[in-house]
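Take the numbering used here: the last position of the sequence shown gets the number 1575, and nothing is skipped along the way.
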Amino acid sequence: MKKVIVKNLLGIQTHGAEMVDPEAWIAECVASNVWGLPERWVPAQEGIDPADILESEMREVQPATDEEPAEMQECVKLRAEYSVEIEDISYEHALAECIAKRKAEYPSPEDLMDAFFDGGEEALEELRQQRLAVKAAHPKPVKE
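Here you go:
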């Protein structure tokens, strides 16, 4: 399971999702400019924040007609208006599932109170054994 976090240029989370394979979803959102403009080449011009420029190079510009010669123009590569972070949350997801299964099978709090007040040590030991059996049936996942 993966967690996707999308942040704007200020570092504020604007979008997020949890899914098994987020690559197709990310590609679709980038292609549709859902989060803003991706990295892109544009002609150099005044007013562009130098912090937004990743690279600069001379590029050939196609003329309006085939009869005109091609020109070289300075272009800059601008950073994306967002960042995408992908975090593997498989362990956390598996742990939450394990805990939910254990809780469903553990003796109830009422059983514990009855054993504590009315059943004595034998009843408490029986509940301990039940809990150990549940733990053995649903072991915690191993963190990789």
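Just so it is clear, CB atoms sit at the ideal spot from N, CA and C, and this is done for glycine as well.
Cβ pair residue i, residue j closer than 7 Å
i	j	result
L1468	E1512	yes
P1538	Q1561	yes
W1466	V1437	yes
K1433	D1519	yes
L1555	A1568	no
Unbroken alpha helix (DSSP H) run spanning residue i, endpoints
i	result
A1535	1521 to 1536
I1457	1454 to 1462
Neighbourhood of residue i by C-beta distance below 7 Å, restricted to the same chain and skipping five residues each side
i	result
P1572	Y1522, A1525, L1526, C1529
Residue i - DSSP class collapsed to helix/strand/coil
i	result
P1572	coil
L1563	helix
G1467	coil
A1448	strand
P1481	helix
E1491	strand
E1498	coil
E1518	strand
Contacting residues, own chain, Cβ-Cβ under 8 Å from residue i (five flanking each side not counted)
i	result
E1502	E1491, V1492, P1494
E1486	V1507, K1508
L1563	none
Cβ shell of residue i (< 6 Å), same chain only, five flanking positions each side left out
i	result
V1565	R1533, E1536, Y1537
H1514	The question names His, yet the displayed sequence has Ser at residue 1514. For S1514, where only same-chain residues beyond five positions count, the Cβ hits under 6 Å are K1438.
Opening and closing residue of the beta strand (DSSP E) in which residue i lies
i	result
L1440	Per DSSP, L1440 belongs to no beta strand (DSSP E) and is neither H nor E.
M1544	Element bounds for M1544: not the beta strand (DSSP E) but the alpha helix (DSSP H), 1540 to 1545.
Q1504	1502 to 1509
Nearest candidate by alpha-carbon position, reference residue i, set the options
i	options	result
L1441	M1450, D1483, E1454, N1464	D1483
G1447	S1463, E1498, V1435	V1435
Q1504	E1459, E1553, D1452, V1473	V1473
R1510	E1454, I1479, T1496, A1531	I1479
E1470	P1570, E1498, V1461	V1461
CB contact check: residue i to chain C, cutoff 7 Å
i	result
Q1476	In summary, chain C is missing from the structure at hand, where a single protein chain is found.
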